[in-house]
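Asks:
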Amino acid sequence: MQELNDRFKKIYKLVEKFCFDREDPVKAIRNMRDFKEGYDAFGIDEEEIKVLRDRIMDEYELSPREIADFGLILLKTGKYEFGTLAILLLKKHRPRLDPYVREKVKEWLDTAVENWAHADLLGIKILPVFFELELTDLQAFASWRDSPSKWTRRAAITSLIWLRKALPADDILRFLEPVLLEKDRVVQQAISWLLKDLWNKGAEVVEEFLETHKNNMDRNILKQVSSAMPLAKAKKFLPAKSFAPKNQNGPRNKRFHKTRKYPPKKQNTQSRRPGPPDEHDK
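Be aware that the sequence shown starts at 203, since it is given in this note's numbering, and climbs by one per residue.
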C-alpha cells in the first residue's frame, strides 16, 4: 500500500508541475462565465491534458482500479484540469472497468464532482459503459438517480441519452417518473434534454407520457420539453396563459396607465452659471 501511495505522490507532482508550467489566467477567467457554480482552473485546453494523460499512461501503466482511486484524489482538489485528467485516464480503460470502478465512480460524483462539465463527461463517456459491460441495469441505477448529489443525478440521466438505442423508451420513461418534480436546475436540464431527444426519435410515446404526467411534473421541465414541439402540440401540455401574446402597446392593467397630473414647474429666475454651451446652442 505504501508503494502505491508513493506512486500516486510522484504522479501528483508531475500533474501539478505540468499545470503550473502552462497556466493561463486570462483563459481561465474567460471560461468562468460558463460555470455559475464556480470554476477553479489553470486555463489549460483539453488537448494539452490529453498529452499529460498519455505520458502518465506510458510511464506508470496505472490499472483501472488505481485510476479510480487516484482519480478521487485529483477530483477532490477542486482543480478543473485535475478532474478532467482523472476522467480522461479512466476513459482509456473503458473495456476493463469492473464493479470496483463502478462504485468508485459513483463516489467521484457523490463527493468530488463540482461542475456540469465533469458530470456530463462521466455521463456520456463512462456511465453507459457500465450498462454495456452488464455492470448495472436500470433497477440498480436507481440509486444514482436518487443520489443526494445533484451531479450524480444529472450524470445518471444524461447517460440515458446515449443508451436510448439499447434500452426501450418505455423503460427509460418509467425510470424518470420519480424525478419529474426535480427542483434543481442542473438536473432539470438533463431531464429536459433526455425527453426532447426521446421525442425527436419517437414523438407519440413521449407525448403520451407528458399528457399523463403533466400535472405532476415541474413546470420548468415541461416548458423546456414542449419548446421543441410545434406550437399546436405544445399547447396541450402548458396552460393557455403561457402562449398569450405580449401587449406591445403598454401595460395590460389599464388602471396603471392613467395620465397623471402634476403641478406646474416653477420658473427658475436665477441666472445660469457660465459654462460651455449646450449641444443645441452650438
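Where is the CB? At the ideal position from N, CA and C, for every residue including glycine.
Is it the case that the Cβ atoms of leucine 290 and proline 266 are separated by a distance below 8 Å?
Replies: no
Asks: When you compare only the Cα positions, how much space is there between arginine 255 and aspartate 348?
Replies: C-alpha separation (whole angstroms): 32 Å.
Asks: Excluding five sequence neighbours on each side, which residues of the same chain lie with their C-beta closer than 7 Å to the C-beta of valine 303?
Replies: Pro266, Arg267, Ala270
Asks: Does DSSP classify glycine 404 as helix, strand or coil?
Replies: coil
Asks: Over the uninterrupted alpha helix (DSSP H) stretch that includes phenylalanine 377, give me the two end residues.
Replies: 371-378
Asks: Which of the three DSSP states, helix, strand or coil, is assigned to histidine 295?
Replies: coil
Asks: Give a yes or no on contact between the segment 310-317 and the segment 349-361, applying the rule of three or more CB pairs nearer than 8 Å.
Replies: Result yes; three or more Cβ-Cβ pairs closer than 8 Å.
Asks: Please name the residue, chosen from Glu336, Ala405, Glu261, that lies closest to arginine 298 on a Cα-to-Cα basis.
Replies: Glu336
Asks: Could you compute how far the alpha carbon of threonine 286 sits from the alpha carbon of histidine 320?
Replies: Whole-angstrom Cα-Cα distance: 7 Å.
Asks: Please go through the same chain and pick out, in chain order, the residues whose beta-carbon is closer than 8 Å to the beta-carbon of tyrosine 241, but skip the five residues on each side of it.
Replies: If we look at tyrosine 241 and ignore the five residues flanking it on each side, its Cβ neighbours are Ala230, Asn233, Met234, Tyr282, Asn317.
Asks: Pick out whichever of Ile213, Glu249, Lys352, Ser428 has its Cα sitting closest to the Cα of valine 389.
Replies: Ranking the options by Cα distance to valine 389, first place goes to Lys352.
Asks: Quick one: what's got a C-beta closer than 6 Å to phenylalanine 272's C-beta in the same chain, skipping five residues either side?
Replies: Phe210
Asks: Taking only the alpha-carbon atoms, compute the straight-line gap between phenylalanine 445 and glutamine 391 and give it to the nearest angstrom.
Replies: Residue placement at phenylalanine 445 cannot be trusted, given a pLDDT of 49 that sits under 50; what the coordinates show is reported in the next sentence. So the alpha carbons of these two residues sit roughly 22 Å apart.
Asks: Please list the terminal residues of the continuous alpha helix (DSSP H) segment that includes serine 361.
Replies: 352-361
Asks: Would a C-beta distance cut-off of 8 Å place serine 428 and alanine 436 closer than the cut-off?
Replies: Against a cut-off of 8 Å, the Cβ pair of alanine 436 and serine 428 comes out as a contact.
Asks: Sorted by chain position, which residues of the same chain lie with C-beta nearer than 8 Å to histidine 415's C-beta, five sequence neighbours on each side aside?
Replies: Glu379, Leu382
Asks: If I measure Cβ to Cβ from leucine 362 and keep anything under 6 Å in the same chain, skipping five residues before and after, which residues do I get?
Replies: Ile374, Leu396
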